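Participant: Before I ask anything, let me first share the structure, which is written out below as structure tokens.
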Amino acid sequence: MALLRRPLIRRPLLFVTGLGAAAVAGLLFEPHWLDLCNRINARPTVGMSGQITRGSECSPVSPTTMSGNFLIGFGLFMLVIGPIIFSFAHVLRNGYDWESSRVETAVSNLPMLAGLLYMGAGVGLAFMGTP
Numbered sequence: 033m034a035l036l037r038r039p040l041i042r043r044p045l046l047f048v049t050g051l052g053a054a055a056v057a058g059l060l061f062e063p064h065w066l067d068l069c070n071r072i073n074a075r076p077t078v079g080m081s082g083q084i085t086r087g088s089e090c091s092p093v094s095p096t097t098m099s100g101n102f103l104i105g106f107g108l109f110m111l112v113i114g115p116i117i118f119s120f121a122h123v124l125r126n127g128y129d130w131e132s133s134r135v136e137t138a139v140s141n142l143p144m145l146a147g148l149l150y151m152g153a154g155v156g157l158a159f160m161g162t163p
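Here's what the structure looks like:
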């Protein structure tokens, strides 16, 4: 466990774990996609002119594309919420030096970089999965 205290090992390990977790979540959700999409599209909606419409029939999505979509969503989550979570974790672990000025540190910038990398990997997987 002493190895996990080193940021050089911990950060890439967390990145790869997040990459795998998002991809596996997409693979697990893919069989349920058609049922969920068709149930949502079957609901009638009322447009601005008062016309009632229903959505069209959904098409199947490949497991690779679904994993890519989940990675894109996880990347967006990391871009927005990641810096907040990692900053709070840093304060809980190390405390806060009230005498220093506020400076953007790697604690808040690395989650944004990870989010961009997740989104790039998700776009690559989504393009690989489309016919």
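Using our numbering, the first residue of the sequence shown is number 33, and each one after it goes up by one. For every residue, glycine included, the Cβ atom is placed at its ideal position computed from N, Cα and C. Keep in mind that this is a model prediction, so the values were computed, not measured.
#1: Buried or exposed for E89, please, with buried defined as at least 16 other CB atoms from any protein chain shown within 10 angstroms of its CB.
#2: Would you call N101 buried or exposed, if buried means 16 or more other Cβ atoms sit within 10 Å of its Cβ?
#3: Provide the residue span of the alpha helix (DSSP H) that contains S119, from first to last.
#4: I need the boundaries of the alpha helix (DSSP H) containing R75, first residue and last residue.
#5: Report yes if the C-beta distance between F61 and A146 is below 7 Å; otherwise report no.
#6: Specify the secondary structure class of T97 as computed by DSSP and reduced to three states.
#7: Once the 5 residues before and after L157 are set aside, which same chain residues still bring their CB inside 8 Å of it?
#8: Helix, strand or coil, according to DSSP, for T162 in the structure here?
#9: Using a Cβ-Cβ cutoff of less than 7 Å, which residues in the same chain neighbour G79 once the five nearest sequence positions on both sides are dropped?
#10: For L66, collect the residues of the same chain with a Cβ closer than 7 Å to its Cβ; drop the 5 residues on either side in sequence, then sort them by chain order.
#11: Look at the alpha carbon of G52 and the alpha carbon of R75, and state the distance between them as a whole number of angstroms.
Facilitator: Taking the structure as given:
#1: What you label residue 89 is simply residue 57 of the sequence shown in a count that begins at 1. Taking every protein chain shown into account, the CB of E89 has fewer than 16 other CB atoms within 10 angstroms, so this residue is exposed.
#2: Looking up residue 101 in the sequence shown gives position 69. Classification for N101: buried.
#3: Residue numbering aside, residue 119 sits at position 87 when the sequence shown is read from its first letter. Residues 114-126.
#4: By 1-based counting over the sequence shown, the position of residue 75 is 43. No alpha helix (DSSP H) holds R75; DSSP gives it neither H nor E.
#5: Against the sequence shown, residue 61 aligns to sequence position 29. Against the sequence shown, residue 146 aligns to sequence position 114. No, the Cβ-Cβ distance between F61 and A146 is not below 7 Å.
#6: One-based indexing of the sequence shown puts residue 97 at position 65. In this structure, DSSP gives T97 a helical state, which the three-state scheme calls helix.
#7: As a working note, residue 157 is residue 125 in the sequence shown. Result list for L157: A55, T96, T97, S99, G100, L103, in chain order.
#8: Here the question's residue 162 lines up with position 130 in the sequence shown. Note: T162 maps to coil in three-state DSSP.
#9: Here residue 79 refers to the residue found at position 47 when the sequence shown is read from its first residue. Result list for G79: T85, in chain order.
#10: Within the sequence shown, the letter at position 34 stands for residue 66. Within the same chain, C90, P92 come within 7 Å of L66 by CB-CB distance, once the 5 residues on both sides are set aside.
#11: Numbered from its first residue, the sequence shown carries residue 52 at position 20. Numbered from its first residue, the sequence shown carries residue 75 at position 43. The straight-line gap from Cα to Cα measures roughly 34 Å.
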